[in-house]
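Asks: Taken in order, the sequence shown gives residues 0 to 163; the numbers are from numbering that gives the first Met the number 0. Ideal placement from N, C-alpha and C gives every residue a C-beta, glycine not left out.
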Amino acid sequence: MINEEIRDREVRLISDTGEQLGIMSSRAAQAIADEKGLDLVKIAAGSTPPVCKIMDYGKYRYEQTKREKEQKKNQKIIEIKEVRLSATIDTHDMEVKAKACSKFLQDGNKVKVSIRFRGRQITHGDVGLDVMEAFYQLVNDYATIEKPAKQEGRNMFMILTPKN
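#1: Let's test the definition: count the other Cβ atoms within 10 Å of the Cβ of Y135 and tell me whether it reaches 16, buried, or not, exposed.
#2: Here's the rule: buried if 16 or more other CB atoms are within 10 angstroms of the residue's CB, otherwise exposed. What is A24?
#3: Exposed or buried, which one is A86 when buried takes at least 16 other CB atoms within 10 Å?
#4: Compute the beta-carbon to beta-carbon distance between V50 and R26, rounded to the nearest angstrom, for a pair I have assumed lies under 8 Å.
#5: Answer with buried or exposed for G17, where buried requires no fewer than 16 other C-beta atoms within 10 angstroms of its C-beta.
#6: Is the separation between the beta-carbon of I13 and that of V40 shorter than 7 Å?
#7: Cα separation between I53 and D15?
#8: Run through DSSP, which three-state label would N154 get?
#9: What whole-angstrom Cβ distance do A146 and M157 have, given they're in contact under 8 Å?
#10: Check whether the stretch 110-124 touches the stretch 81-95, taking contact to mean three or more Cβ pairs, one atom from each stretch, closer than 8 Å.
#11: Using 6 Å as the cut-off, classify the Cβ of D129 as near or not near the heavy atoms of the ligand GTP, replying yes or no.
#12: Does the distance from the C-beta atom of V126 to that of A97 stay below 7 Å?
#13: Can you tell me where the alpha helix (DSSP H) holding K96 begins and where it ends?
#14: With H, G and I counted as helix, E and B as strand and the rest as coil, what does DSSP make of T16?
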């Protein structure tokens, strides 16, 4: 809340230089802010009495949005990419998929490697584990295993993270 929106009877006032001016009525605080050509801004509504500060509100909002943009820019968003294999994948096909996976890992993304078992393949879970292990051997220069291969229903999953 700023200026006339502040309806409290008494407020604790902080000047634009940061010194405490004490507890006074909100009208008197507004008069001091108007005298300086600045805004009266409520910064701590939960305290008793509420804390208000004299400042240039437009400049404050600008600096706040600038700070938020800077924080967003410094955040790194990690995506989970997926590579799908089959239990009967050929070696060359696996190498192509491994190359794509290593690109994802070099970009800093996690990779979910999955195998979907079709029909009677589900009875041969050990074949799926062998395929997962062979795939990991192809990308182990770039990856570490976050979640080892685990079968859930007709699917088998493994999650790889980039090496530092």
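Replies: The structure says:
#1: As a working note, residue 135 is residue 136 in the sequence shown. Classification of Y135: buried, given that the 10 Å Cβ count is 16 or more.
#2: In the sequence shown, counting from the first residue as 1, residue 24 sits at position 25. What sits at residue 24 in the sequence shown is Ser, not Ala. S24 should be labelled exposed.
#3: If you number the sequence shown from 1, residue 86 lands on position 87. By the neighbour-count criterion, in which a residue is buried when 16 or more other Cβ atoms sit within 10 angstroms of its Cβ, A86 is buried.
#4: One-based indexing of the sequence shown puts residue 50 at position 51. One-based indexing of the sequence shown puts residue 26 at position 27. V50 to R26, Cβ: 17 Å. No contact.
#5: Position 18 of the sequence shown, counted from the start, is the residue given in the question as residue 17. Answer is exposed; the Cβ neighbour count stays below 16.
#6: The count along the sequence shown starts at 1 and reaches residue 13 at position 14. The count along the sequence shown starts at 1 and reaches residue 40 at position 41. Contact flag unset, no.
#7: The sequence position of residue 53 within the sequence shown is 54, counting from 1. The sequence position of residue 15 within the sequence shown is 16, counting from 1. Spanning the two alpha carbons is a distance of roughly 5 Å.
#8: Counting from one through the sequence shown, the residue named residue 154 turns up at place 155. Looking at N154 - three-state DSSP - the assignment turns out to be strand.
#9: Taking the first residue of the sequence shown as 1, we reach residue 146 at position 147. Taking the first residue of the sequence shown as 1, we reach residue 157 at position 158. Rather than Ala, the amino acid found at residue 146 in this sequence is Lys. K146 to M157, Cβ: 6 Å. Contact.
#10: Result yes; three or more Cβ-Cβ pairs closer than 8 Å.
#11: Of ligands this structure carries none, so the ligand GTP is not represented either.
#12: Mapped onto the sequence shown, residue 126 falls at position 127. Mapped onto the sequence shown, residue 97 falls at position 98. With contacts defined as CB atoms closer than 7 Å, V126 and A97 fail to qualify as a contacting pair.
#13: Numbered from its first residue, the sequence shown carries residue 96 at position 97. The continuous alpha helix (DSSP H) containing K96 extends over residues 90-105.
#14: As a position in the sequence shown, residue 16 is number 17, starting the count at 1. Three-state result, T16: coil.
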